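First the structure, in the form of structure tokens, and then the observations on it.
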Amino acid sequence: MTVDHAPPSAPPDISPLPDVESLTPARGPGRRPSVPRWLRRAVGPLLLLVLWQASSAAGVLPADVLASPGTIARAAGELAGDGTLPTAMGVSLRRVAVGLLLGGVVGIALALVSGLSRLGEDLVDAPVQMLRTVPWVGLIPLFIIWLGIGEAPKVALIALGVAFHLYLNVYAGIRGVDAQLVEAGESLGLGRWGLVRHVVLPGALPGAMTGLRYSLATAWLALVFGESINADAGIGFLMNQAREFFRTDVIVVCLVVYAFLGLLADAVVRTLERLLLQWRPTFTGQ
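With the UniProt record's numbering applied, the sequence shown corresponds to residues 1 to 286, in that order.
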């Protein structure tokens with residue numbers, strides 16, 4: 001009988017694991033830490049301001065064509081110091097708020113009537129679509145004839161622009177609700193108003209928030225045109241006065257205020273959108 005003598009097994013490898021830091025690729029000599037995003041976004045405007053100031057100082061850009069950033073900053077300080085600018089901002093904000101409220105009520109009401117009912121769609125949608133194609137700025141002469149030259153035509157112009165945007169987006173949001181969700185609600189015993197409250201309106205909320213953002217942008221645009229109608233106060237009134245005296249610095253200050261108020265309003269709506277639509281996660285970029 002033969003006995004096989006197997007060679008002894010090799011001892012297990014108990015060498016220490018390599019250091020994790022040694023496996024991490026070393027940062028190359030030319031590689032630098034990434035620049036913060038806010039700083040990258042600020043580079044363009046800062047370079048533009050530097051170029052603008054340099055062109056004004058060199059006489060390439062005359063003051064009667066466009067004032068320098070330094071002159072504009074001094075004009076803004078003077079207008080803010082004597083209370084002219086805060087008062088004008090308050091008047092303009094009040095006009096936008098009233099126009100946004102009136103236009104929002106009308107636009108949302110028409111969208112609900114048209115979106116929730118086929119009969120309402122037949123009665124409402126066609127006239128609204130026809131009016132929407134009419135340039136609302138071209139209605140200023142009619143508003144002056146109908147409403148005079150006081151606050152009413154200014155507010156009406158803002159409300160008209162707001163109503164169209166809210167109508168279109170809320171209507172599209174209602175009609176874009178998934179039909180399977182409606183069927184599921186019906187199978188759970190929800191009635192018509194229960195479906196509207198728990199299914200249709202939450203589904204239309206994203207479209208309504210989008211419409212609100214567009215409406216705010218339109219409201220500020222309509223304010224610029226509205227305050228050209230014999231205004232005696234407001235940011236547009238300051239611009240008209242500055243135009244008479246070729247004060248380009250004051251005109252630019254007013255434009256910057258318009259832009260700032262528009263961005264501030266948009267930021268408020270974005271925050272409101274995040275709070276109301278927490279149940280609806282969306283892609284936010286990479």
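The beta carbon of each residue, even a glycine, is placed where N, CA and C say it ideally should be.
Predicted, not measured: the structure shown is a model, and the values here were computed from it.
Determine the DSSP secondary structure at residue i, reduced to helix, strand or coil.
| i | result |
| --- | --- |
| residue 87 | helix |
| residue 245 | coil |
| residue 183 | helix |
| residue 278 | coil |
| residue 227 | coil |
| residue 195 | helix |
| residue 81 | helix |
| residue 250 | helix |
| residue 232 | coil |
| residue 64 | coil |
| residue 135 | coil |
| residue 34 | coil |
| residue 207 | helix |
| residue 189 | coil |
| residue 266 | helix |
If you draw a straight line from the alpha carbon of residue i to that of residue j, how long is it in whole angstroms?
| i | j | result |
| --- | --- | --- |
| residue 212 | residue 251 | 28 angstroms |
| residue 108 | residue 170 | 7 angstroms |
| residue 139 | residue 35 | 49 angstroms |
| residue 266 | residue 167 | 19 angstroms |
| residue 235 | residue 59 | 29 angstroms |
| residue 191 | residue 89 | 47 angstroms |
| residue 44 | residue 261 | 21 angstroms |
| residue 154 | residue 48 | 35 angstroms |
| residue 228 | residue 74 | 25 angstroms |
| residue 118 | residue 72 | 55 angstroms |
| residue 273 | residue 62 | 44 angstroms |
| residue 199 | residue 181 | 7 angstroms |
| residue 141 | residue 223 | 15 angstroms |
Which residues mark the beginning and the end of the alpha helix (DSSP H) in which residue i is found?
| i | result |
| --- | --- |
| residue 45 | 37-57 |
| residue 156 | 151-175 |
| residue 125 | 118-132 |
| residue 141 | 140-147 |
| query | Are the region 42-54 and the region 68-81 in contact at 8 angstroms, needing three or more beta carbon pairs? | reply | yes
| Inter-stretch contact (C-beta, 8 angstroms, three-pair minimum) for the region 130-143 and the region 180-191 | no
| task | Specify whether the region 160-174 and the region 87-104 touch according to this definition: at least 3 beta carbon pairs, one from each stretch, less than 8 angstroms apart. | result | yes
| said: For the region 170-181 against the region 245-261, do three or more pairs of beta-carbon atoms, one drawn from each stretch, fall closer than 8 angstroms, so that the two count as touching? | reply: no
| query | Taking three-plus beta-carbon pairs below 8 angstroms as touching, is the region 229-246 in contact with the region 74-93? | reply | yes
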